[in-house]
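See below for the structure under consideration.
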Amino acid sequence: MFSSSKYSNGRRELVTVDVAIILTPFIFAALTPVLYRFISKKYIGWLVLSVSFILFLFLTTYIPRISDGEVVAFTHEWIPSLGIHFTTYLDGLSLIFSLLITGVGSLVILYSIFYLSRSEQLYHFYCYLLLFMGAMLGVVLSDNLMVLYGFWELTSVSSFLLIAYWHHRKASRAGARKSMIITVAGGISMLAGFLMLYEMSKTLSIREIIGNVEAIQEHALFVPALVLILLGAFTKSAQFPFYIWLPDAMEAPTPVSAYLHSATMVKAGIYLVARLTPVFGGEALWFWLVTGVGLFTLFWGSFNAVKQVDLKALLAFSTVSQLGLIMSLLGMGSVAVYLGNSSETIIYTQAAFAAIFHLINHSTFKGALFMMVGIIDHELGTRDIRRLGGLMSFMPLTFTIALIGSFSMAGLPPFNGFLSKEMFFAATLHIQELNIFSLDSIGFLIPIVAWIASVFTFVYCLIIVGKTFFGKVQLHLLAKHPHEAPIGMLISPYTLIVFVVGIFFFPNLLGHYILRPAMASIYPTFPTTQELTPHIHAWHGIFSPELWMTIFVIVVGILLYRLLKRWKPIYRALPQNLSLNSLFNNGISFSESFSNRVTGRYMTGNLTDYFVYIFLAFLMIVGGYFLQTDIFSWSPVDRESLEVFEIILVLIMIASSVGILFAKSRITTVFLSSVLGYSVAFFFIVFRAPDLALTQLVVESVSTVLYLICFRHLPEIRKEIQPKWIKMRNIFISLAVGATVTLVGFAALNYEKFITISYFFNDSYELAGGKNIVNTILGDFRAFDTMLEVVVLFIAGLGVYTLIKLKAKGGGTNEN
Amino acid sequence: MEQVMIILIGILVSVATYLILSRNMIRIIIGTAVLSHAVNLLIMTSGGLKTGNVPLLGHGDGPFTDALPQALILTAIVISFATTAFLLVLAYRTYKTNGSDDFNELRGMSDE
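Residue numbers (this note's numbering), protein chains in the order written: chain V, 6 to 821; chain C, 275 to 386.
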């Protein structure tokens, strides 16, 4: 079922290459700390860069084949008994992500070579970065859900390490911990969702799940699996309300923010949603969750970005917002799966197309913008927009990056963001015309929210450019005199800027070679003859509503930017202690103090309390079981009659045992306890057990002596002064335990039994040469018991000896 | 006979439980001793009482009383004796070191 012949469209001699793509970063991650000793610090970054760039070149060789509709798959059996295979599956969607991971990765590494100081522990940095790159490639190339989950968690771990790279800073550690808690919590729920998928479809392969998706859609676990998997995707992709880790993750070095928190890791959730659209896409819940959460995140992120004063935090919120945009587009695109294969479906598949398109665009301009902020931070020592301003004449090259990146993000021509923003508006307008999923009643809100969010996006883009590069320069607030960045730091952002502009002018090149096969991966059920890829136009005509929406965005956006000081106070309207961050922090500290309090409540350190728990558990489990089932039955039939002296013996035992409870002095206690022991010996005589009677007599005598010896050293028993309710509780528990044991005894007595096996021992003379059956059992038939019992005695003797001889620590005296 | 024995065992268990729930060290140790008496008698009773002769070949004819529970109890007696002896010395030692035989007072000692 998992043989590679099923995926035979991949050429056999090349298939190992895509396994190598995943493994190479890991191998070099392991080698980096070793090589670090032999090569100069200068070159470690270049080595890592070459690894990543060679991988990128490798992947580009796949573009022609993938765009021809080919799929490269390879199965390597890992744990066949559990159906876990190391299956790599390279199709259009995986290819886009792997190209982004290696491509943006190469640029980021190049940038980091110039950004990071030589005095840093560079091999840590590059080791983590390579780990992350390998894990991310594993996420997008794995076909097996369990393998995907493994790589997914590895991205969380390596991201944790990278955020806390400057681990001597408190904020770095806090940010790393927060992102770890949130993304791993989401990852765990995703794992649960994956297991449900496995339960429904009996396979872990995404291909095969998509292959028989009809079988699982009616299953009871379908909706829980959907919600749990979406939780994983939303936490990873920083959707509302889980986005709060992303702004805090900005404590990482800027190359990390550019790479992980704008171009790659945060898009893992997007990848998952796109990948599983064929499985869950037709569901109304999926549509509303993905679209609704995405749209709200889009609005909330852009709304909050405006109030930020730290450039990196602003970019973090803008990333949140843009991820929401992509997510909502994927949600709108999932409608097409519901509608099936008809002519009008194509309108809705364009939403998914726009999502993938914008994903690429976002990686280009957001990567460039982060690098721009890194340059400013690096050259001026601050990222606070209140201290920046008027840098245009000092840093013209950096200004160009900021300008092009921001205008692309705002959706202005002639940059690639314009194209995807137009397609986004078009998709929102199309989706409200549908009358499924109750879109006819509230669907009109979708384009309105999208438009408002775009206005805020425009405003914060103006803030990035305006507050940083225009206005008056405040030299007295800057640590260093502003000057242009070294050329090495500018190469990477300029490469990205070339793409920002290039994609605008040649969008269909990208569309044909990269996006078309990805669309086939999102909609595998549609026939290949169907043209899912629209021709991208920059110009929709003067009367197209999306153009007018853009124009109004610009007009209202400029107006809002001019009046920023007037309306900024509304951010203070929301009280600080209601923000999601303080909710998160309070939640963490509350759960800590709550568990402390609960543990402090029942772990009293008082031995009696623990005994109470044990006895109550016994009562509930054993007694409860006997109450539930009617095993207990009373039959008055007695096998043996009771004689007078036996009655007397019983009465003596009852009297002496109850007497212990009321004994005032320790000598009475010992006396009564001995009476009890000797009565037991008498019972053994009555029950025809001479060996037992002998042993019991001897043991009881020795015990009594021991008690007396010990008592010489112990104080007189004091009267226990306890509250009345504790006394009542103890009496109740004791009576209940006794009653339960009695019940169990009766039940066992009247229960249907097997016949005894003891007749076997009656042959003891023939088998063991002994006439005393009990002794032959102890010495011959079951001699192991006896041997170990002797060991117990021996250990106890040693223990006693040690305890007495042991030199007392502290104030204790040592007596022999 | 068996039913009377079981009631007796129930009473012994009640007494033992009450003693174990006490705060005094010696009362707890005596409680465990009472509990082991009860358990020994329970094993005896569940094997069937007085169903035959003493399990000694050559002293009268069969059927003999079940010898297996007797062997088990013999082992149990010795083991409970060993633990009781150890507990007693431990109690003695605890009292010498901490100066108290009350578990409520022993709570929160520095070496807890």
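We put the CB at the ideal spot given by N, CA and C, even for glycine.
One or two residues paired with V:L95 in a DSSP bridge: Beta-bridge pairing links V:L95 to V:V77.
Unbroken alpha helix (DSSP H) run spanning V:H367, endpoints: The continuous alpha helix (DSSP H) containing V:H367 extends over residues T350 to L385.
For V:V311, the nearest candidate out of V:L364, V:A431 and V:V470 (CA to CA): Of all alpha-carbon atoms in V:L364, V:A431 and V:V470, the one lying nearest the alpha-carbon of V:V311 is that of V:V470.
Contact residues within the region 340-364 of chain C, judged by C-beta distance below 7 angstroms to chain V: Going along the region 340-364 of chain C in chain order, one finds D340, A341, L342, Q344, A345, I347, L348, T349, I351, V352, I353, F355, A356, T357, T358, A359, F360, L362, V363 and L364 with a Cβ nearer than 7 angstroms to chain V.
C:G332 (DSSP reduced to helix, strand or coil): Three-state result, C:G332: strand.
Interface flag, C:T306 vs chain V, CB-CB below 9 angstroms: No, no contact with chain V.
Closer than 9 angstroms to chain C by CB, V:Y770: Yes, contact with chain C.
Reduced DSSP secondary structure (H/G/I, E/B, other) of V:W171: In the structure shown, V:W171 adopts coil according to DSSP, grouped into three states.
Cutoff 9 angstroms: C:E386 Cβ touching any chain V Cβ: Legend: pLDDT at C:E386 = 47, less than 50; position of this residue unreliable, no value from coordinates given.
Cβ shell of V:F442 (< 6 angstroms), same chain only, five flanking positions each side left out: So the list reads A289 and F292, once near-sequence residues are dropped.
Continuous alpha helix (DSSP H) stretch holding V:L405: start and end: Per the sequence shown, the amino acid found at residue 405 of chain V is Thr instead of Leu. Here the alpha helix (DSSP H) through V:T405 covers P401 to A415.
V:S646 at chain C interface by Cβ criterion, 9 angstroms: Closer than 9 angstroms: yes.
Chain-ordered neighbours of V:P720 on chain C, where CB pairs are closer than 7 angstroms: Result: D375.
Rounded C-alpha distance that separates C:V289 from V:F799: Spanning the two alpha carbons is a distance of roughly 30 angstroms.
First and last residue of the uninterrupted alpha helix (DSSP H) at C:S320: DSSP places C:S320 inside the alpha helix (DSSP H), whose first and last residues are M299 to S320.
Among V:V710, V:F692, V:G743 and V:Y770, the one whose alpha carbon lies nearest that of C:G322: Check the Cα spacing between C:G322 and each of V:V710, V:F692, V:G743 and V:Y770: the tightest is with V:F692.
Beta-carbon gap between V:G822 and V:L300 smaller than 9 angstroms: The displayed coordinates of chain V run from 6 to 821. Any statement about residue 822 of chain V would go beyond what the structure contains.
Which residues DSSP lists as bridging V:D315, in chain order: Answer is V:D389, bridged to V:D315.
Check whether V:A181 and V:I193 have beta carbons under 9 angstroms apart: Not closer than 9 angstroms, so no.
Chain C contacts made by the region 732-761 of chain V, where a contact means CB separation under 8 angstroms: For the region 732-761 of chain V, which is checked against every Cβ of chain C, the residues closer than 8 angstroms are N735, I736, I738, S739, L740, V742, G743, A744, V746, T747, G750, F751, A753, L754 and T761.
Cα-Cα separation, C:Y369 to V:Y630: Between C:Y369 and V:Y630, the alpha-carbon positions lie close to 41 angstroms from each other.
Three-state class that DSSP yields for V:H435 in the structure shown: The answer is helix: DSSP assigns V:H435 an H, G or I state.
V:S267 versus V:F102, V:P229 and V:T387, residue with shortest Cα-Cα distance: Of all alpha-carbon atoms in V:F102, V:P229 and V:T387, the one lying nearest the alpha-carbon of V:S267 is that of V:F102.
Per-residue burial, V:W305 [other beta carbons within 10 Å of its own, 16 or more giving buried]: Result: buried.
Beta-ladder partner(s) of V:E82, from DSSP: The partner list for V:E82 (beta bridge, DSSP) reads V:H90.
Helix, strand or coil at V:G15 [DSSP, three-state]: Caution is warranted here: a pLDDT of 44 is assigned to V:G15, below 50, making its placement in the model unreliable, and no coordinate value can be reported.
Contacts around V:D253, its chain only, beta-carbon distance under 6 angstroms, and the 5 residues preceding and following it disregarded: These residues qualify, in order along the chain: G180 and K183.
Unbroken alpha helix (DSSP H) run spanning V:K207, endpoints: Unbroken run through V:K207: none, as it is neither H nor E.
V:S13 versus V:F412 - alpha carbon distance: For V:S13, the pLDDT reaches just 43, beneath the cut-off of 50, and the residue's location in the model is therefore unreliable, leaving the point undetermined.
For V:A373, the nearest candidate out of V:G784, V:T324 and V:V749 (CA to CA): Closest option to V:A373, Cα to Cα, is V:T324.
Three-way DSSP call (helix, strand, coil) for V:N611 in this model: Residue state, collapsed to three classes: coil.
V:L648, buried or exposed, once every other Cβ within 10 Å from all chains shown has been counted against 16: Here residue 648 of chain V is Glu; the residue named in the question, Leu, does not match the sequence. Classification of V:E648: exposed, given that the 10 Å Cβ count is below 16.
Beta carbon of V:T188 nearer than 9 angstroms to that of V:W250: At the C-beta level, V:T188 and V:W250 come within 9 angstroms of one another.
Proximal residues to V:V278 (C-beta, below 7 angstroms), its chain only, five neighbours per side dropped: The beta carbon of V:V278 sits closer than 7 angstroms to those of A238, V295, M332 and L335, all from its chain and outside the five residues before and after it, given in chain order.
Secondary structure of V:F557, DSSP reduced to three states: It is helical.
Own chain partners of V:P550 with C-beta closer than 7 angstroms, once the 5 adjacent residues on each side are dropped: So the list reads L434, once near-sequence residues are dropped.
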